[in-house]
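*Asks:* Under this note's numbering, the residue at position 413 of the sequence shown is numbered 413, and the numbers go up by one with no gaps.
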Amino acid sequence: MKKGTHTKTQRGRWAADNGAKGPREAPLMVACGDKPPLAWARALFVSLREIFPHSARGETRLDVHVNPAQHRAMTAFDDWRARSPFYDETHEALAQSVRRFVAREVAPHIDRWEAEGELPRELHKKAAEAGILGLRYPEQYGGHSKGFDNFHGLVLTEELAAVGAGGLGASLMTHGIGLPPILALGSEELKRRVAPPVLAGDKIIALGITEAGGGSDVANLKTTAVRDGDDYVVNGGKMFITSGMRADWLTCAVRTGGPGAAGISLLLIEMDAPGVERTRLDKMGWRCSDTAAIHFSDVRVPASNLIGPENGGFIGIMRNFNSERLGMAMGCCAYARVALAEAAEWAQQRETFGKPLVGHQSIRIKLADMERQIETTQAWVDLAAWQVKSGKDRPADFAMLKVQATRMLEAVAREAAQVLGGASYITGSKVERIYREVRVNAIGGGSEEIMLDLAGRQLFGGKR
Ligand SMILES: Cc1cc2nc3c(=O)[nH]c(=O)nc-3n(C[C@H](O)[C@H](O)[C@H](O)COP(=O)(O)OP(=O)(O)OC[C@H]3O[C@@H](n4cnc5c(N)ncnc54)[C@H](O)[C@@H]3O)c2cc1C
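#1: How about residue 301 and residue 232: do their beta carbons lie closer than 9 Å?
#2: Could you check how far apart the C-beta atoms of residue 172 and residue 182 are, in whole angstroms? I think they sit under 8 Å.
#3: Quick one: is the Cβ of residue 403 within less than 8 Å of any heavy atom of ligand 1?
#4: Roughly how many whole angstroms lie between the Cα atoms of residue 23 and residue 401?
#5: Mind checking whether the beta-carbon of residue 80 lies closer than 8 Å to any heavy atom of ligand 1?
#6: Straight-line CA distance for residue 121 to residue 427?
#7: Distance, Cα to Cα, residue 459 vs residue 92?
#8: Mind checking which residues open and close the alpha helix (DSSP H) that includes residue 234?
#9: According to DSSP, residue 253 sits in a beta bridge with which residue or residues?
#10: Please work out which residues of its chain come closer than 7 Å, Cβ to Cβ, to residue 57, disregarding the five sequence neighbours upstream and downstream, and give them in chain order.
#11: Does the stretch 282 to 290 touch the stretch 108 to 122, meaning 3 or more C-beta pairs lie closer than 8 Å?
#12: What do you reckon, is the C-beta of residue 155 under 8 Å from a heavy atom of ligand 1?
#13: So for residue 171, helix, strand or coil by DSSP?
#14: Is DSSP giving residue 248 helix, strand or coil here?
#15: Any idea if residue 369 is buried or exposed, counting beta-carbon neighbours within 10 angstroms, 16 or more meaning buried?
#16: Measure from the C-beta of residue 401 to each C-beta in chain D and report whether the shortest distance is under 9 Å.
#17: Grouping DSSP H, G and I as helix and E and B as strand, with all else coil, what is residue 277?
#18: Pick out the complete beta strand (DSSP E) segments inside the stretch 159 to 213, 3 residues or longer, and give them in chain order.
#19: State the beta-bridge partners of residue 427 as determined by DSSP.
#20: Just to confirm the assignment: which complete alpha helix (DSSP H) runs, minimum length 4, are found wholly within the stretch 130 to 164?
#21: Would you kindly check if the distance between the Cβ of residue 90 and the Cβ of residue 147 is under 9 Å?
#22: Just mark residue 403 as buried or exposed, buried being the case when its beta carbon has 16 or more other beta carbons within 10 Å.
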């Protein structure tokens, strides 16, 4: 598509005004509100110096300053933030910083990584240097937490999702599920040993809960860790583990005690230890994220790698799930926005029966219905994030929100594919990839049935 050649409807504008080369690039444009760019940027710079004094001194590479030259008109992808009470200029500046990182370091390579089945290790290093891996982790372990709230975390999730490949966020950010149990429950020695190299992008950490025998019934997991002198000896296996092929460490749920939740511990397993075997699993989606089946055969793990108290791991697993589910719900909103943006752009360009698709009422209704579903889900995501920030959150809400978000994504991806027609079925379109990734969102991190049953039990009672 040539610059400025299409009708200037709301969604056409971002492509034309910003010189985007086509629908694929358009969702990566930047929002800045109605203020004149220079005044807006000046005010932002001043406020950011107050909010992020450490950033202003250059101690972190997270670039939260806005370069007016990089200002672009409001876009369909993220203009919702400018109309939300939960997001301010600092969130917008972070979004632009991450967006530049993604445009520079990810977008040119993502198709190759999808074909290769994994992300390069250097990407972790670069993301760490840009401040992405450490966002919202404690400063004493190499993170950047001052001045950042959980809405900054949501913004990061959204911007990583903009490239339309879910494996990027899943695999680059696996420390988001592997590290928190260590920071919440681990000894100080363990935190200092593990967190800094992970947040520096030198080591990769993954989370191992699911087993071949089942993932939903976590309390019934079978992998054993038996104390022998100063070690635990681990036998069993884990299944479907994200980043499992590349991980240096696995935060692993094991059975150290009797049956049920009260017999489960968390153990940090060195993935190069004798007796660890990994097998790569090919997948429907998330292809740039390596996924492994892992087998443990008499693996010796130092007892100092126990995370939290023996037989006290279940609570750490459950606590982890809540933030994972909120992040997944945010990701679903972002992927749905990408799909809608592609469908809307296509509807401007594609003509049938003598007019653009968007000129047909039933197509306009589809687009509006997609937007309706995204906005209602986003409102709940933001409310849930506010509830976490205010200490008013309930686990049942995260479970139901995850179901809401994945069903919304399923509906939006379907309709986007319908608007693109045959083009949606050809490899290379973002909609094709997002469509393939719907299921992993609905199953991973707790499947629909389990989520709704969990919410039902918590809200309305009833025995397991
Ligand atoms: C790409 C990918 C990446 C993943 N990454 C990780 C990871 O990094 N770490 C990790 O630990 N796990 C990971 N998982 C595993 C994921 O969390 C599990 O697949 C999920 O929890 C479901 O477990 P399961 O597949 O064993 O299904 P099962 O537990 O066998 O369930 C199968 C189906 O039956 C339903 N079901 C089960 N019990 C009931 C019931 N009582 N009532 C009604 N319906 C029921 C479930 O909802 C599901 O639909 C990943 C999965 C995928 C696909």
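All residues carry an ideal CB built from backbone N, CA and C; glycine is no exception.
Note that this is a predicted model, so its numbers are computed, not measured.
*Replies:* A quick look at the data gives this:
#1: yes
#2: Contact flag wrong, Cβ pair sits at about 19 Å.
#3: no
#4: Residue confidence for residue 23 is low, a pLDDT of 30 falling below 50, so the modelled location carries little weight and cannot support an answer.
#5: no
#6: 26 Å
#7: 36 Å
#8: Element bounds for residue 234: not the alpha helix (DSSP H) but the beta strand (DSSP E), 231 to 242.
#9: 266
#10: Interpretation of residue 57 is limited by its pLDDT of 33, a score under 50 that renders its predicted location unreliable; no figure is taken from the coordinates.
#11: yes
#12: No, the beta carbon of residue 155 sits no closer than 8 Å to any heavy atom of ligand 1.
#13: helix
#14: Residue 248: coil per DSSP, three-state reduction.
#15: exposed
#16: Absent from the structure: chain D. Only one protein chain is present.
#17: It is a strand residue.
#18: 205 to 208
#19: 429
#20: 150 to 161
#21: yes
#22: buried
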